[in-house]
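Residue numbers (my numbering), protein chains in the order written: chain A, 1 to 342; chain B, 1 to 205; chain C, 1 to 394.
Structure representation (structure tokens):
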């Protein structure tokens, strides 16, 4: 990956960093506007924001500016250092997720060999931030929210990783680029025009991944750590101003990152049928295709969020341990058998 | 018939609502998104909702009819109507008749910060001087400014809608909103402007 | 029915066992560092300023005590210094979501003392508005329950469709929330032309809303997991705590004042039924209310078609003086039994008014039903008991 445009390492890195710094907030804004504001409004017979910018497109920017103007309040009993660090940890975890996401043959920040392993590890970091926030706030509601998040981690992280294992077995690689390649070069009963998006062979895995991702993103029906009507916001109940903004951005940016992960692993990633896998044109077209697929996945995530009620913590545990984990284990076994036999 | 899982049905409901909001048009123009028509909300400062004619928005005062009898003020549950008046001598109705005494309102204030919008004052008024109007845009930044005087209340008289006709089977009579200056009953304010004040002072001297 | 009764018995047995266990724990383990969590007075699930002081063991509730009075406005006392027509303005504001229904029992009590009876047309229109305010009130619950268990969308649907009903109420009375339309001896005004047809259309829309809620929320498996067997109140417990309305009917007690003690309104003129559910859990309460909303739209439809013609006001003196005496009239309000005990000494206003509000009694079961539940269940139970804070504190 060092020969992109023949630039020096520092120049390439700074370009990538610059692009990432633009792309991630833009992605968060786009998802937030499209789904959180507009789609939710339409689903509820409303219009959503209309006044800031054309069709209210700049609403979130206005909101961000508003948040920046707010006073940064620390509760008197809070552990100030941890309290301040928590939103940064959460946001950092979602930024780090973007590192390995491939959007073209060369358009990737860092093509790690253990990309999916890295992504899973980094994504669970955010729970640490949530726990820090819950504990440091010195608030009973926040504490309950933080502990719920920690309890939830065990319940969904396992099926999430096990669901990914099926893909890894089928693609023979932990590298996300290789997973895209395996899908691009795969064949469905000898028919290889559209490759073999793993959603076809790993449908169970896809379902488990999406359900677990919903929990990872603390979206309804698994938003117990936030639970507005019970815990009044849960772990971020004491946060104001730009620290709250960081939580909000992290939530939406992680939703984007997880949609991208699902796209890469199950929907064929950036590859377009008919193109050579390494065609340079895909460096430009790939991100566009990725974006469309990401929006589709994110649409499902938010659609479910706006429709469903919330489960109870113990019901989630029951669901995870009695349904999701056995199912994902069975999925791995079946995938393994097919892998060996075929 | 096998039951569709409730989870999917729920998704269907939200998706259907979203489609209905986005594409409310029927026929040829079905696919043109028109959320402005599809949504049920009203973009308030840009477009306004028309309240029904009977809506109790604000109380308008038909000053000519008011005799400062204080009935409304006394029947108000939180006593938010302030009335002051004085008597003037009016010329006799018929030539050769006695000089009449007419009440003139000096002050008729309603404190809308206190008003409960119950409408009892409108109902008890025996002279048809108070009317409901659906007007609702009279908020003020300071609570004290919500005390509106007789001039402001009279301005709202223009917005009073006609009384509605009743459903068949009703034995109620449809009332009429008095027009300005055409009432023959106690046009005290008009008298005053016609020089009744001079008459009053003349009578006093 | 026998299997349903068996289910009730089993559930009630389980609830008793859980309560006994919670009792035991309270007595033995109080000093093991339980957490006290104040739900409210400022909390989204309390619809206002109700405070529930909970002792938690982890997320499990050891004891929960509702502390009310944060919004006490002293209406009983205020009524003593006002005339009868002025009182209805205050009474509107007790259960602010179904305010027309509040006026009716008070006015009926005053009418009973005076010995006047409203003409039939007034009674029919009263009943229609009563049922409309029930629909407006309960349809908000149908959506609000979704918010309590975490679903975002139902409450917007509820607000959207309730608005249609409120518009109908406003077209007649002039007030969306505080109609103040009921008078001793009849009504303030008659219904405007075209209103009947419009209301028919709105009722059809409301039935559509009920179907939508059934698909979106009640049929949802997650909702059912959250609500079934949560907050089980057996029938005898419900009766002993003085529950009324849908909360009581959801516990399998077939009790509805509209049918059992109709104080002269037009409910006996139309064909409708009382819905009960044997389970007594949060889901049953939701189910009963949904059915009742549907039933209410049917009642309104039938009543609209049969309004008798005639005057809307009986002969009543202009200045109302109620002869000395006492009267208690209660009706089946959206929330339950709403009763007014009016004592008159012959003056312009009541000497004493005792207001029996349904929410106050309904919320009293909270300590019993919440023992041994989890924190999310507190919200589910509070939501399903459905109280209006003004109705608790008045």
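Heads up, the beta-carbon is just placed ideally off N, CA and C, and yes, glycines get one too. Nothing here was measured: the structure is a model prediction, and the numbers come from that model.
Exposure of residue i, with buried meaning 16 or more beta-carbon neighbours within 10 Å
i, result
"residue 345(C)", "exposed"
"residue 59(C)", "buried"
"residue 269(A)", "buried"
"residue 395(C)", "Residue 395(C) is absent from the structure shown; chain C starts at 1 and stops at 394."
"residue 306(C)", "exposed"
"residue 202(B)", "Here the model assigns residue 202(B) a pLDDT of 38, short of 50, so the residue's position is not dependable, and the following value carries that caveat. Classification of residue 202(B): exposed, given that the 10 Å Cβ count is below 16."
"residue 182(B)", "The predicted model places residue 182(B) with a pLDDT of 47, which falls under 50 and marks its position as unreliable; any figure quoted below should be read in that light. So residue 182(B) ends up on the exposed side."
"residue 385(C)", "buried"
"residue 187(A)", "exposed"
"residue 205(B)", "Note on residue 205(B): pLDDT 34, under 50, position unreliable in the model; the coordinate value appears next. That one is exposed."
Check whether residue i and residue j have beta carbons under 7 Å apart
i, j, result
"residue 155(A)", "residue 342(A)", "no"
"residue 147(C)", "residue 103(A)", "no"
"residue 296(A)", "residue 272(A)", "no"
"residue 105(A)", "residue 261(A)", "no"
"residue 363(C)", "residue 370(C)", "no"
"residue 299(C)", "residue 270(C)", "yes"
"residue 85(C)", "residue 340(C)", "no"
"residue 146(B)", "residue 108(B)", "no"
"residue 93(A)", "residue 125(A)", "yes"
"residue 40(A)", "residue 306(A)", "yes"
"residue 182(C)", "residue 312(C)", "no"
"residue 134(A)", "residue 247(A)", "no"
"residue 133(C)", "residue 101(C)", "yes"
"residue 281(C)", "residue 228(C)", "yes"
"residue 310(A)", "residue 87(A)", "no"
"residue 32(A)", "residue 252(A)", "yes"
"residue 198(A)", "residue 164(A)", "no"
Residue span of the beta strand (DSSP E) that contains residue i, given as start and end
i, result
"residue 375(C)", "Not the beta strand (DSSP E): residue 375(C) falls in the alpha helix (DSSP H), residues 375-385."
"residue 107(B)", "100-111"
"residue 82(A)", "Run containing residue 82(A): none in the beta strand (DSSP E); it sits in the alpha helix (DSSP H), 80-97."
"residue 333(C)", "325-333"
"residue 54(C)", "51-57"
"residue 35(C)", "35-39"
"residue 332(A)", "Element bounds for residue 332(A): not the beta strand (DSSP E) but the alpha helix (DSSP H), 325-341."
Per-residue contacts from residue i into chain C (C-beta, under 8 Å)
i, result
"residue 227(A)", "150, 376"
"residue 232(A)", "43, 44"
"residue 46(A)", "156"
"residue 116(B)", "89, 178"
"residue 7(B)", "220, 221, 222"
Amino acids of chain A, ordered along the chain, whose beta-carbon sits closer than 7 Å to that of residue i
i, result
"residue 22(B)", "42"
"residue 35(B)", "42, 47"
Partners in chain C for residue i, counting only beta-carbon separations shorter than 9 Å
i, result
"residue 55(B)", "170, 171, 174, 175, 176"
Residue interval of the alpha helix (DSSP H) (run including residue i)
i, result
"residue 99(C)", "99-114"
"residue 14(B)", "6-22"
"residue 296(C)", "282-305"
"residue 368(C)", "366-370"
"residue 290(A)", "282-307"
"residue 200(C)", "195-213"
"residue 207(A)", "203-216"
"residue 130(B)", "Residue 130(B) -> not in any alpha helix (DSSP H); beta strand (DSSP E) instead, spanning 130-133."
"residue 141(A)", "140-171"
Residues that residue i contacts on chain B, provided the C-beta gap is smaller than 7 Å
i, result
"residue 345(A)", "Outside the shown range of chain A, which is 1 to 342, sits residue 345(A), and nothing can be said about it."
"residue 82(C)", "77"
Proximal residues of chain C, C-beta to C-beta of residue i below 7 Å
i, result
"residue 79(B)", "Those do not exist, as residue 79(B) stays about 10 Å from chain C at its closest Cβ, beyond 7 Å."
"residue 79(A)", "Per Cβ cutoff of 7 Å: no residues; residue 79(A) is ~18 Å from chain C at best."
8 Å Cβ cut-off: residues of chain B touching residue i
i, result
"residue 210(A)", "Simply none; closest approach about 13 Å."
"residue 160(C)", "40"
"residue 39(A)", "18"
"residue 216(C)", "9, 10, 13, 14"
Residue i: contacting residues in chain A (beta-carbon distance under 8 Å)
i, result
"residue 283(C)", "None at all; the shortest Cβ gap to chain A is about 12 Å."
"residue 11(B)", "303, 304, 307"
Could you please tell me which residues of the stretch 296-314 of chain A, in chain order, have their CB closer than 8 Å to any CB of chain B?
303, 304, 306, 307, 308
Determine which residues of the stretch 246-278 of chain A have a Cβ less than 7 Å from any Cβ of chain B, and write them out in chain order.
none
With 7 Å as the limit, tell me which residues of the stretch 156-171 of chain B have their beta carbon closer than that to any beta carbon of chain C; keep them in chain order.
164, 165, 166, 167, 169, 170, 171
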